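The next block holds one structure in the form of structure tokens; read it before the comments.
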Amino acid sequence: MLYLSKPIGLGILITAYKGNLFDKSSNTYKDMVSTMTELNDKIAEILIELDIKTATDITGFGLLGHALEMAIASKKDLIIYTHKVPYFKEAKEFIEMGIIPEGDYNNLNFCKKYINFHFDLSENELILLCDAQTSGGFLIAVPPEKKETFEKKAKEKKINISLIGEVKKVKNGCPTVKVFP
């Protein structure tokens, strides 16, 4: 089971903020700062307690870039269902306005070479999945037998986790990330 512990889109929000598209009094600013200042220590404690060893923080390479690193390191395929990935709705709006960090394009160009997309995504949707995060969440592979306990402990610690996909054995070739709707 593949979980994400924070919504994506922080890099886009930061770029929009630097461009004065919202101010400190806005809910967008408050949500952005709240997410960035939320430490990953509570989720890390759960991973240690449950002996879950496959996780990475989502930072400069975006969700898809870090997922690809995880797939290669674990020698597994990662399946991501885009409709399950949490994101800041304002980030999508800013992408539509062309407010996109340059690094996101680099991430996108890299990911397009190595990730299998099993349906057509717009470039804007891809950009969001490749958005570099500042103080992003964890991408966590939880064994199915630990799923229930992991979810229970996350709820007890008031951590909003999202089940965004699954981990599979590699059938043919190299490990990769497969993206579905």
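Quick note: to get the working numbering, add 68 to the position in the sequence shown (first position is 1). Ideal Cβ placement from N, Cα and C applies to all residues, glycine included. No experiment lies behind these values; they were computed from the predicted model shown.
Whose C-beta lies closer than 6 Å to the C-beta of residue i among residues of the same chain, with five residues either side of it excluded?
i    : result
L197 : L131, L132
F162 : I80, A84
K110 : K225, I227
I208 : Y71, A123
Around the Cβ of residue i, are there at least 16 other Cβ atoms within 10 angstroms (buried) or fewer (exposed)?
i    : result
L107 : exposed
F187 : exposed
I227 : buried
I120 : buried
C179 : buried
From which residue to which residue does the beta strand (DSSP E) around residue i run?
i    : result
F248 : 245 to 248
S102 : Taken as a continuous stretch (DSSP letters only), S102 belongs to no beta strand (DSSP E), being part of the alpha helix (DSSP H) at 95 to 105.
T26  : Given a span of 69 to 249 for the chain in the structure shown, any question on residue 26 remains unanswerable.
K237 : 230 to 237
L72  : 70 to 72
D145 : 144 to 149
F206 : 206 to 209
For residue i, which residues from the same chain have a beta carbon less than 8 Å from its beta carbon, with the 5 sequence-adjacent residues on both sides left out?
i    : result
D172 : G79, I80, G130, I195, C198, D199, A200
Taking the alpha helix (DSSP H) that residue i falls in, what are its first and last residues?
i    : result
A200 : Where A200 is concerned, there is no enclosing alpha helix (DSSP H), given that its DSSP letter is neither H nor E.
L115 : 109 to 117
L78  : 78 to 86
G171 : 170 to 182
Measure the alpha-carbon distance for residue i versus residue j and round it to whole angstroms.
i    : j    : result
N192 : E137 : 22 Å
N175 : G204 : 16 Å
E216 : T127 : 27 Å
I147 : K86  : 34 Å
F218 : I114 : 7 Å
Give every residue of the same chain whose Cβ lies closer than 7 Å to the Cβ of residue i, excluding the five residues on either side of it in the sequence, and list them in chain order.
i    : result
F185 : V247
(request) Assess, as a yes-or-no matter, whether the stretch 70 to 78 is touched by the stretch 136 to 155 under the definition of 3 or more beta carbon pairs within less than 8 Å. (result) yes
(message) With three or more beta-carbon pairs closer than 8 Å as the criterion, would you say the stretch 144 to 161 touches the stretch 213 to 233?
(response) yes
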